[in-house]
Amino acid sequence: MTVLEEILKHKIVAILRRVRPDAVSGIAAALYAGGIRCLEITLNSPDAFSVLKSLTAKMGNHLLIGAGTVLDATEARQALHAGARFIISPTLDIPTIQYTRQAGAVSIPGAFTATEILTAYRNGADIVKVFPASVGVAYFRDLRAPLSHIPLMPTGGINLENIRDYHKAGAVAFGVGSALVDGRQPVTEEYLQELTALARRYSEILP
């Protein structure tokens, strides 16, 4: 199965943003125990490239690990060299898309308008991240009406209360951030158990 096929199969991409490096491994294991199989380490996290490298070495056979908040092609190159399997951006940067695809990795740039989404797709994006999705499912549905041929992944504001609505509206995958992993929480054994239970709810909520 290709990286893209795995993302489309599992649908949920758990976002780890600003998590302490020494807590990442435990959080990743808790997410895996709850059924999560795709993980995004944002580059605005502490020691992000080192974390990517060490987590990929430790759990790369179990989790599909990618980089998020990638703002340019240089960061994409560094992330891929650290072991990232996919590249996610909050913005539309065509050189980043092109570099990522040329390197053989999955490209998921961010976009908000119909023009940005189409531009991203025509320049090689595998999936387009609609960000922020917190504006509501009605906006997403309106976007998708003329762009139903483009795989869309809403991110930013996705939670257990609205994820089914976005799925019904045609989303193929979902970036889930602080509603699943809150980097500000003390990482205790109790928190990790709660995280596994929450991850299971996300991994089982969609068909």
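First residue of the sequence shown? That's 0 in numbering that gives the first Met the number 0, and the numbers climb one at a time after it.
Beta carbons: idealized from backbone N, C-alpha and C, even for Gly.
DSSP state of residue i mapped onto helix, strand, coil
{"i": "K128", "result": "strand"}
{"i": "G67", "result": "strand"}
{"i": "L207", "result": "Since the first residue shown for the chain is 0 and the last is 206, residue 207 is missing from the structure and cannot be characterised."}
{"i": "A168", "result": "coil"}
{"i": "S207", "result": "With the chain covering 0 to 206 only, the question about residue 207 has no answer from this structure."}
{"i": "R163", "result": "helix"}
{"i": "D141", "result": "helix"}
{"i": "L62", "result": "coil"}
{"i": "V180", "result": "coil"}
Residue span of the beta strand (DSSP E) that contains residue i, given as start and end
{"i": "A13", "result": "11 to 15"}
Start and end residues, alpha helix (DSSP H) containing residue i
{"i": "M58", "result": "47 to 58"}
{"i": "I96", "result": "93 to 101"}
{"i": "E189", "result": "188 to 204"}
{"i": "R76", "result": "72 to 80"}
{"i": "L30", "result": "20 to 32"}
{"i": "T114", "result": "113 to 121"}
DSSP bridge partner residues for residue i (one or two, in chain order)
{"i": "P153", "result": "V129"}
{"i": "S106", "result": "I86"}
{"i": "V175", "result": "A13"}
Residue closest to residue i, alpha-carbon to alpha-carbon, out of the options
{"i": "A132", "options": "R121, Q97, A168", "result": "A168"}
{"i": "A178", "options": "T1, I11, L63, E5", "result": "I11"}
{"i": "L7", "options": "I126, A78, A72", "result": "I126"}
{"i": "D46", "options": "L62, A28, D21, A27", "result": "D21"}
{"i": "I204", "options": "Y165, P89, T95", "result": "Y165"}
{"i": "N60", "options": "F48, Y31, I87, R76", "result": "Y31"}
{"i": "R36", "options": "P89, E4, Y138, E115", "result": "E4"}
{"i": "V186", "options": "R163, A29, F139, V2", "result": "A29"}
{"i": "L63", "options": "P89, S49, G34", "result": "G34"}
{"i": "A113", "options": "A144, L197, A72", "result": "A144"}
{"i": "R76", "options": "T90, N161, P94", "result": "P94"}
{"i": "A172", "options": "I107, L51, A78, G25", "result": "I107"}
{"i": "V175", "options": "E189, G155, F111", "result": "G155"}
{"i": "T195", "options": "N161, I86, A27", "result": "A27"}
{"i": "R183", "options": "M0, R19, H9, T1", "result": "R19"}
{"i": "I157", "options": "M0, F130, I87", "result": "F130"}
{"i": "G109", "options": "K128, G123, Y98", "result": "K128"}
{"i": "A170", "options": "T1, M0, H9", "result": "H9"}
{"i": "F139", "options": "L197, I162, V50", "result": "I162"}
At least 3 beta-carbon pairs within less than 8 Å: the segment 25 to 42 vs the segment 65 to 76: yes
At least 3 beta-carbon pairs within less than 8 Å: the segment 139 to 149 vs the segment 81 to 96: no
Any 3 or more C-beta pairs closer than 8 Å across the segment 102 to 109 and the segment 47 to 62: no
contact_flag[the segment 115 to 127, the segment 9 to 28] where n(CB pairs < 8 Å) is 3 or more: Result no; under three Cβ-Cβ pairs closer than 8 Å.
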